[in-house]
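Colleague: In this note's numbering, the protein residues as written are 57 to 319. All C-beta atoms, glycine included, are put in the ideal place defined by N, C-alpha and C.
1) Going by CA-CA distance only, name the one from 151, 238, 180 and 139 that's closest to residue 129.
2) Would you identify the three-state DSSP class for residue 231, choosing helix, strand or coil?
3) How many whole angstroms separate the CB atoms of residue 253 and residue 275, which I take to be in contact at a CB cut-off of 8 Å?
4) Can you look up residue 189 in the DSSP assignment and give me helix, strand or coil?
5) Buried or exposed for residue 69, going by 16 or more other Cβ atoms inside 10 Å?
6) Using only CA atoms, which one of 127, 264, 172 and 160 lies nearest to residue 103?
7) Please return the same chain residues whose Cβ sits closer than 8 Å to the Cβ of residue 141, not counting the five positions on each side in sequence.
8) Rounded to whole angstroms, what is the Cα-Cα separation between residue 79 and residue 164?
9) In angstroms with no decimal places, state the Cα-to-Cα distance between residue 214 and residue 263.
10) Answer with buried or exposed for residue 76, where buried requires no fewer than 16 other C-beta atoms within 10 angstroms of its C-beta.
11) Which ranges does the beta strand (DSSP E) cover as unbroken runs of at least 3 residues, wholly within the region 162 to 214, from first to last along the chain?
12) Rounded to whole angstroms, how far is the Cβ of residue 176 from the Cβ of residue 196, which I believe are closer than 8 Å?
13) Return the CA-CA distance between residue 97 and residue 205, expressed in angstroms with no decimal places.
14) Taking its Cβ as the centre, do 16 or more other Cβ atoms sit within 10 Å of residue 281, making it buried, or is it exposed?
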């Protein structure tokens, strides 16, 4: 079973209905596709994660690509009638600038929203976050397609982040010309990483923070062998898709020290 975010509209008319949208998708024999959540239940979804109770947290980046106001949010979707389809929406956390990644962790969620990584948690059972803690900071607020994103819990108990570093901006220098600073824990503990085009992994409990040996733009997963698959836009295959495979067991040197690497 898999899932994806898809946006449909006709070339000249209004957006398609769910039924109309499904008719535009071609799938191989033996496969089945169905809608899971759609407007008005969600809007501008870019990332999601399930918690241990089967609830879904969705990052809605309503400002993408140019609106830098804090209008992004994390919404909580729940299935209240047991049919396997979410039917209730709660705004879990709002007033976020361009949230683009969400990962369930410690009863709450980690959210990437450059220049920071946030932790939101509901401790009252209201469905709304009353804890709002900044975990990491220093990432560049750069071209939205290249901001830090995609938190993923690895099989080695580290949390991995896609990170490409600042991108040179010409047309939109004012909103997206930030070059970032030292990547660090917001509470001042632990190491400081000098800004570089490298992906990042960290452990909040122990204040461990490391660069990996290559950058990734967005998208990552681990297979059953612990190998990491990262989307890296520097590599294209013939049909236009972008991908690369990296082995996290490989180590290489950067800034005079060995860090977990990709090949």
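Modeller: Short version:
1) Locating residue 129 in the chain shown gives position 73, where the first residue counts as 1. Here the closest residue by C-alpha is 151.
2) Taking the first residue of the chain shown as position 1, residue 231 is located at position 175. In the structure shown, residue 231 sits in a helix (DSSP, three-state: H, G or I).
3) Position 197 of the chain shown holds residue 253. Position 219 of the chain shown holds residue 275. The Cβ separation is near 17 Å, so there is no contact.
4) By one-based count along the chain shown, residue 189 stands at place 133. In the three-state reduction of the DSSP assignment, residue 189 falls in the strand class.
5) Locating residue 69 in the chain shown gives position 13, where the first residue counts as 1. With fewer than 16 other Cβ atoms within 10 Å, it is exposed.
6) The sequence position of residue 103 within the chain shown is 47, counting from 1. Checking every option, the nearest Cα to that of residue 103 belongs to 160.
7) As a first step, residue 141 must be located in the chain shown, where it is residue number 85. Residues 92, 93 and 135 of the same chain have their beta carbon placed closer than 8 Å to that of residue 141, with the five preceding and five following residues left out of the count.
8) For the purposes of this step, residue 79 is identified with residue 23 of the chain shown, where counting begins at 1. For the purposes of this step, residue 164 is identified with residue 108 of the chain shown, where counting begins at 1. Roughly 37 Å separates the two Cα atoms.
9) As a working note, residue 214 is residue 158 in the chain shown. As a working note, residue 263 is residue 207 in the chain shown. Take the alpha-carbon of residue 214 and the one of residue 263: they are about 11 Å apart.
10) Your numbering for residue 76 matches position 20 in the chain shown. Residue environment for residue 76: exposed (fewer than 16 other C-beta atoms within 10 angstroms of its C-beta).
11) The beta strand (DSSP E) runs lying completely inside the region 162 to 214 and spanning 3 residues or more are 164 to 169, 172 to 177, 187 to 193 and 205 to 209, given in chain order.
12) Translated into positions along the chain shown, residue 176 becomes position 120. Translated into positions along the chain shown, residue 196 becomes position 140. That pair is no contact at about 22 Å.
13) Locating residue 97 in the chain shown gives position 41, counting from the first residue. Locating residue 205 in the chain shown gives position 149, counting from the first residue. Between residue 97 and residue 205, the alpha-carbon positions lie close to 23 Å from each other.
14) If you number the chain shown from 1, residue 281 lands on position 225. Exposed.
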